[in-house]
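Everything on this sheet refers to the single structure shown next.
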Amino acid sequence: MTQTTERPGLTPDQRRAFDARGLVKLPGAVSRRAAAEMADRLWAELVRKDGIERDRPATWRTERVYGFQALQATGAFKPMASPAARAALDDLLGAGWIEPTAWGQPLVCFPIAQAWNVPRQGWHLDGPADPQAQRRMIGRLFVILAPLAARGGTTLVATGSHRIVMALADAAGVQLSSGKVRKRLQEEHAWFGELIAGDEAEDRIARFMEAETEVSGVPLRLEAMTGEPGDAWLMHPNILHTGSPNALDAPRLVLSQFVQPKVG
Numbered sequence: 008m009t010q011t012t013e014r015p016g017l018t019p020d021q022r023r024a025f026d027a028r029g030l031v032k033l034p035g036a037v038s039r040r041a042a043a044e045m046a047d048r049l050w051a052e053l054v055r056k057d058g059i060e061r062d063r064p065a066t067w068r069t070e071r072v073y074g075f076q077a078l079q080a081t082g083a084f085k086p087m088a089s090p091a092a093r094a095a096l097d098d099l100l101g102a103g104w105i106e107p108t109a110w111g112q113p114l115v116c117f118p119i120a121q122a123w124n125v126p127r128q129g130w131h132l133d134g135p136a137d138p139q140a141q142r143r144m145i146g147r148l149f150v151i152l153a154p155l156a157a158r159g160g161t162t163l164v165a166t167g168s169h170r171i172v173m174a175l176a177d178a179a180g181v182q183l184s185s186g187k188v189r190k191r192l193q194e195e196h197a198w199f200g201e202l203i204a205g206d207e208a209e210d211r212i213a214r215f216m217e218a219e220t221e222v223s224g225v226p227l228r229l230e231a232m233t234g235e236p237g238d239a240w241l242m243h244p245n246i247l248h249t250g251s252p253n254a255l256d257a258p259r260l261v262l263s264q265f266v267q268p269k270v271g
């Protein structure tokens with residue numbers, strides 16, 4: 008089990024933002040030094056495992072790289088669980104959440120795309136929509152290890168969508184799979200239908216990322232998880248999100264961790 012911390016967690020404004028939008032940024036939650044050291048460990052593993060070198064873009068032949076379990080098991084990414092990150096998780100999940108066995112799943116995306124648009128594919132929830140989500144909140148923490156800009160392979164999040172998803176689950180009274188939720192959203196709300204199956208020729212960036220649209224009284228807009236090394240994000244488990252292509256000139260290096268609340 009975790010140890011509680013006296014460091015302040017989420018500010019009132021951050022908590023309100025998380026509740027309303029399902030996503031909140033924690034600037035500088037991890038020190039830049041710790042982020043740089045974790046990035047160095049990740050690059051060393053990319054060289055060892057895949058022959059991918061930081062200073063040789065010619066070796067960046069694969070868009071997404073997986074299989075970092077051995078490195079995770081060494082504790083290389085435990086510094087992502089900084090005092091600030093732990094305090095924020097305390098606020099979100101309650102003290103005593105379950106300490107992960109190994110911190111940090113690397114999310115690595117190399118620049119492959121020539122152009123960038125809001126994707127139609129891959130929209131999902133991380134698990135079933137649960138009518139008891141507020142009482143069984145699962146935290147998902149992201150920590151950025153290298154400068155990350157929009158169109159650089161970021162996770163795209165439909166902010167506010169968790170409120171509509173939870174309303175669907177509450178009305179059903181049972182858990183709804185990610186696929187069922189996506190289908191319901193697509194059928195019942197034009198905004199989601201256009202997001203998931205709309206015309207790629209339209210200006211999807213302006214439609215979904217620059218403009219805010221109200222659906223069932225909930226403001227919706229896509230947000231890219233961007234930031235500087237050491238910035239963190241907390242994301243609601245019932246929010247619609249997807250990966251996106253990297254059309255810039257640097258790889259995306261991010262760590263992700265699911266955190267479970269205390270049982271009972």
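Numbering (the numbering used here), first residue to last: 8 to 271.
Quick reminder that beta carbons are idealized off the backbone N, C-alpha and C, glycines included.
Taking the Cβ atoms as the reference, L148 lies roughly 5 Å from Q264, within the contact range of under 8 Å. Below 8 Å, too few C-beta pairs join the stretch 52-63 and the stretch 122-142 to call them touching: fewer than three. V172 and L247 do touch by the CB rule: their CB atoms are close to 7 Å apart, below 8 Å.
Taken in chain order, the complete alpha helix (DSSP H) segments of 4 or more residues contained in the stretch 158-203 are 168-179 and 185-195. For the options H196, P19, T249 and A120, the alpha carbon positioned closest to that of A231 is the one of T249. Counting along the chain, the unbroken alpha helix (DSSP H) around R48 starts and ends at R39 to D57. DSSP places L96 inside the alpha helix (DSSP H), whose first and last residues are P90 to L100. Under the three-pair Cβ rule at 8 Å, the stretch 116-125 does not count as touching the stretch 174-189.
Annotated three-state conformation of R211 is helix, per DSSP.
Assignment of A65 by DSSP, reduced to helix, strand and coil, places it in the helix class. Here T108 is exposed. Its C-beta has fewer than 16 other C-beta atoms within 10 Å.
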